[in-house]
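One structure is given here, and the rest of the page talks about it.
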Amino acid sequence: MLNVGNSVALAALLAWPLVVFALFRMLTIERALIWTILGGYLLLPQMSEINFPGVTAFDKRTIPNLAAFVGCMLMLGRFPRLLPQSWLASALLLMVMVSPVITVLTNLEPVEFGVRAFGTLEMFDASELEQMALPGLRIYDSASALSAQIFLMLPFFLARAILDNADALREIVAALVIAGLIYALPMLFEVRFSPQLHSWVYGFFQHDFIQAIRWGGYRPFVFMPHGIWVALFAFMCAMAAAIMLRTAEPAQRGRKVLILMLMLLLLLICKTLGPILFALVFVPIVLILNPRHHIRFAAAIALVVLSYPLLRGAGLVPIDRIVGIAAAFDPERAASLAYRIENEERVLEHVADKLLFGWGGWGRFIPHAQETGTSDVVVDGTWIITIGHFGWVGYVATFGLLTLPLLSLWWHARKPHAPAVSLPVSGLALILAVNLLDMLLNDTLIPFTWLMAGAVLGYSETLGRTAEENRLAALQARHASMALSTAPATTPGAARRSLL
Numbered sequence: 001m002l003n004v005g006n007s008v009a010l011a012a013l014l015a016w017p018l019v020v021f022a023l024f025r026m027l028t029i030e031r032a033l034i035w036t037i038l039g040g041y042l043l044l045p046q047m048s049e050i051n052f053p054g055v056t057a058f059d060k061r062t063i064p065n066l067a068a069f070v071g072c073m074l075m076l077g078r079f080p081r082l083l084p085q086s087w088l089a090s091a092l093l094l095m096v097m098v099s100p101v102i103t104v105l106t107n108l109e110p111v112e113f114g115v116r117a118f119g120t121l122e123m124f125d126a127s128e129l130e131q132m133a134l135p136g137l138r139i140y141d142s143a144s145a146l147s148a149q150i151f152l153m154l155p156f157f158l159a160r161a162i163l164d165n166a167d168a169l170r171e172i173v174a175a176l177v178i179a180g181l182i183y184a185l186p187m188l189f190e191v192r193f194s195p196q197l198h199s200w201v202y203g204f205f206q207h208d209f210i211q212a213i214r215w216g217g218y219r220p221f222v223f224m225p226h227g228i229w230v231a232l233f234a235f236m237c238a239m240a241a242a243i244m245l246r247t248a249e250p251a252q253r254g255r256k257v258l259i260l261m262l263m264l265l266l267l268l269i270c271k272t273l274g275p276i277l278f279a280l281v282f283v284p285i286v287l288i289l290n291p292r293h294h295i296r297f298a299a300a301i302a303l304v305v306l307s308y309p310l311l312r313g314a315g316l317v318p319i320d321r322i323v324g325i326a327a328a329f330d331p332e333r334a335a336s337l338a339y340r341i342e343n344e345e346r347v348l349e350h351v352a353d354k355l356l357f358g359w360g361g362w363g364r365f366i367p368h369a370q371e372t373g374t375s376d377v378v379v380d381g382t383w384i385i386t387i388g389h390f391g392w393v394g395y396v397a398t399f400g401l402l403t404l405p406l407l408s409l410w411w412h413a414r415k416p417h418a419p420a421v422s423l424p425v426s427g428l429a430l431i432l433a434v435n436l437l438d439m440l441l442n443d444t445l446i447p448f449t450w451l452m453a454g455a456v457l458g459y460s461e462t463l464g465r466t467a468e469e470n471r472l473a474a475l476q477a478r479h480a481s482m483a484l485s486t487a488p489a490t491t492p493g494a495a496r497r498s499l500l
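If you want it as structure tokens, here you go:
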């Protein structure tokens with residue numbers, strides 16, 4: 001039943017719905033939804049899962065999502081409105097749901113190894129094989145793939161329906177600051193004594209321990225997949241702290257400055273170059289520029305992320321320059337980046353054989369040696385994993401839904417009658433944009449990413465409706481004033497005669 005972990009891991013997974021029930025009893029629906037998703041990500045065991053046939057695994061991603069859905073439904077007293085308003089978002093959503101099923105149907109055959117071709121002659125040498133074949137997908141797998149997509153995207157649907165106003169987005173920003181303060185002590189502990197908390201609590205270490213050693217010391221893992229995820233979380237917390245500092249009352253700014261300094265310290269002790277560089281660029285942007293500039297930056301990043309595979313294919317991404325910049329900071333990290341890029345090129349060549357819907361699971365999208373069935377390819381970015389699994393259709397659908405909120409926010413915010421966008425909204429849009437940018441390097445698509453995307457999309461839809469209502473109200477007022485100014489001056493008697 002439990003795939004990995006001890007009895008505490010099983011108890012934590014089973015008890016989380018009870019925690020969620022308590023959250024929805026004690027908090028507003030907005031705060032309960034945010035903390036259900038964020039708390040599960042911060043505290044539940046990594047890799048542990050409960051398996052049932054025919055559906056995706058129940059783990060730290062799916063259990064909080066399902067519990068949040070039930071909690072929201074009970075508090076609202078009705079089924080939440082899940083479908084987006086725009087036809088484009090609905091079309092992308094349909095693609096996200098359908099593409100995994102088509103992927104299964106186009107990958108029913110196994111990928112076999114051990115065959116050498118000499119002209120028209122094929123030889124099979126079983127003595128050199130490390131594995132005979134990668135299994136073909138089954139019709140049965142389509143149900144699991146569809147349930148996985150639905151379960152993983154529940155935060156997107158719920159946030160769009162419930163966290164669709166400026167106050168709710170400010171709650172997300174505040175939750176990040178509080179979460180950073182909660183995680184500060186465990187992170188500092190693991191930097192000093194090495195990542196041990198996951199092993200002590202859940203009975204195993206969630207990754208290769210050598211990955212925890214960096215720059216002559218340790219970097220924290222806590223209950224996340226890897227130190228990279230912790231570093232990105234610390235970046236989000238630092239951005240949130242900068243937003244709260246910028247919007248604080250004068251009497252509170254001293255305390256907010258200290259919180260921001262603590263978050264930046266937590267980011268530094270993660271010893272991960274990417275999020276540190278992100279902070280050097282984007283924290284000053286939050287502190288200096290106005291919300292309209294934040295939205296433009298976020299929309300520009302969204303366009304880059306959405307078109308990244310095309311830009312890579314056209315040679316418009318300055319790979320050598322990026323590696324050179326990384327080498328100036330850390331030659332070892334630059335070598336790692338160059339290795340990743342080389343592997344991505346090999347995967348893209350392999351994916352070209354199933355361009356539209358990809359290769360599916362079981363590692364089928366990874367190139368293997370035909371003679372031995374071995375592979376030395378390692379990929380990390382969400383973008384390349386998505387293309388490998390679900391092809392171009394899956395990539396456009398997934399990243400289209402993730403980038404659409406940022407593009408929609410920019411589109412509606414620029415309208416003449418749109419109300420001003422507050423700093424927490426524009427700042428959260430920047431946090432989401434940088435998370436998407438990081439997904440070009442790492443597989444950092446987490447439930448909280450979907451929550452942020454849904455909240456920004458819900459707010460942008462509200463902003464668009466408000467702008468249209470303001471436009472119509474202004475138009476009616478202008479017409480009314482024109483009618484009054486052009487009406488002829490008549491006596492009551494004359495007016496009565498004209499009606500006759």
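Numbered according to this note's numbering, the sequence shown terminates at residue 500, and the numbering increases by one at each position without gaps. Don't be surprised by glycine CBs; every beta carbon is placed ideally from N, CA and C.
Cutoff 7 Å: residue i Cβ touching any chain C Cβ
i	result
Val425	The displayed structure is made up of one protein chain only, and chain C is not part of it.
Cβ-based burial, residue i [other Cβ within 10 Å; buried from 16]
i	result
Gln370	exposed
Ser48	buried
His479	exposed
Met26	exposed
Asp164	buried
Trp383	buried
Arg364	buried
Ala325	Inspection of the sequence shows that residue 325 is occupied by Ile rather than by Ala. Looking at its Cβ environment, which holds fewer than 16 other Cβ atoms inside 10 Å, Ile325 is exposed.
Phe58	buried
Phe329	exposed
Arg138	exposed
Phe209	exposed
Asn51	exposed
Gly217	exposed
Arg255	exposed
Ile269	buried
Arg170	buried
Own chain residues within Cβ distance below 8 Å of residue i, not counting five before or after
i	result
Val257	Leu245
Val351	Gly358, Trp359, Phe365, Ile387, Gly388 and Gly391
Tyr308	Val317, Trp383 and Leu440
Ala420	Pro291
Cut-off 7 Å between Cβ atoms - residues of its own chain near residue i, not counting five sequence neighbours on either side
i	result
Gly427	Val173, Met239, Ile243, Val286 and His294
Leu441	Gly274, Asp380 and Gly381
Leu176	Met236, Cys237 and Ala240
Lys12	Correcting the residue identity first, residue 12 is Ala in this sequence and not Lys. Cβ within range, chain order: Leu44 and Pro45.
Tyr202	Gly5, Asn6, Val8, Ala9, Pro45 and Ser48
Leu82	Phe157 and Ala161
Arg333	Leu273 and Ala326
Val323	Ala334, Leu337 and Ala338
Val378	Asn343
Trp16	Gly40, Leu44, Ile63, Pro64 and Ala67
Bridge partner(s) assigned by DSSP for residue i
i	result
Phe58	Ile50
Ile213	Tyr218
Glu112	Ala133
Nearest residue (CA-CA) to residue i, options the options
i	options	result
Glu546	Arg312, Ala334 and Pro419	Lying outside 1 to 500, the shown extent of the chain, residue 546 is not represented and no answer is given.
Arg31	Cys72, Leu14, Ile301 and Ile63	Cys72
Trp35	Val19, Pro45 and Leu137	Val19
Arg78	Val104, Arg138 and Ile162	Ile162
Gly381	Asp443, Ala328 and Thr106	Asp443
Val406	Arg292, His417 and Leu356	Contrary to the premise, residue 406 reads as Leu rather than Val in this sequence. Selected option, being the one with the closest Cα: Arg292.
Ala455	Gly40, Pro84 and Phe156	Phe156
Phe24	Ala175, Ala67, Tyr218 and Leu14	Ala67
Glu468	Ala418, Ile210 and Asn435	Ala418
Glu461	Phe113, Val55 and Gln85	Gln85
Ser90	Leu457, Ala477 and Leu475	Leu457
Asp320	Tyr339, Val304, Val305 and Leu310	Tyr339
Leu445	Gly254, Ile259, Gln149 and Gly373	Gln149
Leu355	Lys415, Phe233, Leu76 and Gly394	Gly394
Leu152	Ala335, Leu451 and Val111	Leu451
Leu303	Pro135, Trp410, Gln476 and Arg61	Trp410
Other residues of its chain near residue i: CB distance less than 6 Å, five sequence neighbours each side excluded
i	result
Glu190	Pro220
His368	Ser375
Ser7	none
Gln46	Gln206 and Pro225
Met482	none
Ile301	Ala433 and Leu437
Leu264	Ala238
Ile259	Ala241
Gly464	His412
Below 8 Å, how does it come out for the segment 392-403 and the segment 90-101: are there three or more Cβ pairs, yes or no? yes
If contact is defined by three or more beta carbon pairs under 8 Å, each pair taking one atom from either stretch, is the segment 130-149 in contact with the segment 102-110? yes
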